[in-house]
Amino acid sequence: MKKRLHTSQTIHRIKGGKPQPTTYVEHKTRIGPFIFITREPQTINLQEYLKNQGYTIKIAEASTIKRQ
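According to the numbering used here, the residues represented by the sequence shown are 3 to 70, in order.
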């Protein structure tokens, strides 16, 4: 099943140069009674991520957004 945000929202605009946001993957390591938590930065392709989540939305970069 495809997800849609709204019938008029098939294109989402993001700030130019930011099509690949950074997310953090958490890793837990247990050594004895202690748990060490580290976070590794990971760059994701926003268009592919949304597609894998089932959304039918196109990401477009924009330097400015002007209302007409």
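C-beta atoms are modelled at their ideal positions from N, C-alpha and C, and glycine is treated no differently.
The structure displayed is predicted, hence computed values, not measured ones.
Helix, strand or coil: how does DSSP classify Q44 here? strand
What does DSSP give as the partner residue(s) for K30 in the beta ladder? I39
So, for E42: in the same chain, excluding its five sequence neighbours on each side, which residues have a beta-carbon less than 6 Å away from its beta-carbon? V27
Please report the distance separating the alpha-carbon of A64 from that of I37. 43 Å
What is the rounded straight-line gap between the Cα of T40 and the Cα of R32? 11 Å
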